[in-house]
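Residue numbers for the sequence shown follow the working numbering, so the first one is 34 and each next one is one higher. No residue lacks a Cβ here, since even glycine has one placed at the ideal position from N, Cα and C. Every value quoted in this text rests on a predicted model; they were computed, and no experiment measured them. Just below is one structure, and these are the notes that go with it.
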Amino acid sequence: MTTLAGRPNTALVVIDLQNEVVANAYRCNEVLDAVNVLIERARTAHVPVVWVQHTDEDLKEGSEAWQFVAELAPAPGEAVVEKSYRDAFEDTDLEQVLSRLGVGKLIVTGAQTDMCVRSTLHGALVRGYDATLVSDAHTTEDMTTTGAPTPDAVIRHTNMYWSKQRAPGRSGGVIESKDVDFAPCGP
34 MTTLAGRPNT
44 ALVVIDLQNE
54 VVANAYRCNE
64 VLDAVNVLIE
74 RARTAHVPVV
84 WVQHTDEDLK
94 EGSEAWQFVA
104 ELAPAPGEAV
114 VEKSYRDAFE
124 DTDLEQVLSR
134 LGVGKLIVTG
144 AQTDMCVRST
154 LHGALVRGYD
164 ATLVSDAHTT
174 EDMTTTGAPT
184 PDAVIRHTNM
194 YWSKQRAPGR
204 SGGVIESKDV
214 DFAPCGP
């Protein structure tokens, strides 16, 4: 249960599914398909979809690389949070967006698993949110040349690691996209 009083709602968070970010991503098409289904289910259930979009020297605002992938697009009225750090809460209006929506539980999807997704999950948990990672709706690219594990190992490890995350009064967790329930997290 979230520690954020009066925040019973759930939001689907879509992190950095931008052209350049997923250009070489592992299982990209499968992940985009899973996220697309989640977005449609969230919209049908009137659950907010919150989009996170990274900007930096490699992802210049307005560039083709910076744009969300063609398969996914924010609907009119859906929040888009611009960020320049891995944790989507750092120096952004994400907290204000979620507060305005009464959100205390996050269902998290996106890219890169071992950078922005994981950092945002931690950022959410330490700020009082319940944060659930969708096991088949996040991805990363192959960075084995820099000493990282293979993408499938990064994803498996992150799913295992986050499945046991807890903090006083709040929880992490991992769920498959088919099992996501967009019901409120409590009164």
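CA-to-CA distance, residue j to residue i, given in whole angstroms
i    : j    : result
F101 : S132 : 24 Å
D126 : S96  : 22 Å
V113 : Y194 : 28 Å
P81  : E111 : 7 Å
A186 : L134 : 35 Å
A78  : V136 : 14 Å
T183 : P41  : 37 Å
V70  : V64  : 10 Å
A98  : R199 : 35 Å
S204 : N57  : 31 Å
F215 : G202 : 20 Å
E36  : R76  : Looking at the sequence itself, residue 36 is Thr, so the reference to Glu does not match. T36 and R76: Cα-Cα distance of roughly 25 Å.
E90  : T179 : 20 Å
G39  : V159 : 18 Å
T43  : V130 : 12 Å
Own chain residues within Cβ distance below 7 Å of residue i, not counting five before or after
i   : result
V68 : V47, L50, L105, T142, A170
V55 : C61, V102, A144, T172
Supposed close pair residue i, residue j - CB separation, criterion 8 Å
i    : j    : result
R119 : M148 : 5 Å
T191 : T146 : 5 Å
Residue closest to residue i, alpha-carbon to alpha-carbon, out of the options
i    : options               : result
T153 : D124, G135, D175      : D124
V213 : T172, E63, L45, D175  : L45
G161 : E128, T146, G180      : E128
E94  : E53, P107, S196, T178 : E53
S196 : Q86, T172, A164, L71  : A164
H87  : L139, H79, T77, K116  : K116
K138 : S168, V64, A157       : A157
F122 : E73, V70, F215, H155  : H155
D74  : I140, D175, V150      : It is worth fixing the name first, because residue 74 is Arg in this sequence and not Asp. Ranking the options by Cα distance to R74, first place goes to I140.
E174 : R151, T36, P109, Y59  : Y59
K211 : V130, V159, D66       : D66
Close-in-space but distant-in-sequence residues of the same chain around residue i (CB under 6 Å, 5 per side omitted)
i    : result
P107 : W84, V113
G206 : T165
E209 : S168, D169
V150 : I48, G143, H171
A181 : none
Own chain partners of residue i with C-beta closer than 8 Å, once the 5 adjacent residues on each side are dropped
i   : result
I72 : L45, V47, V82, L105
L92 : Q51, E53, V54, A98, W99
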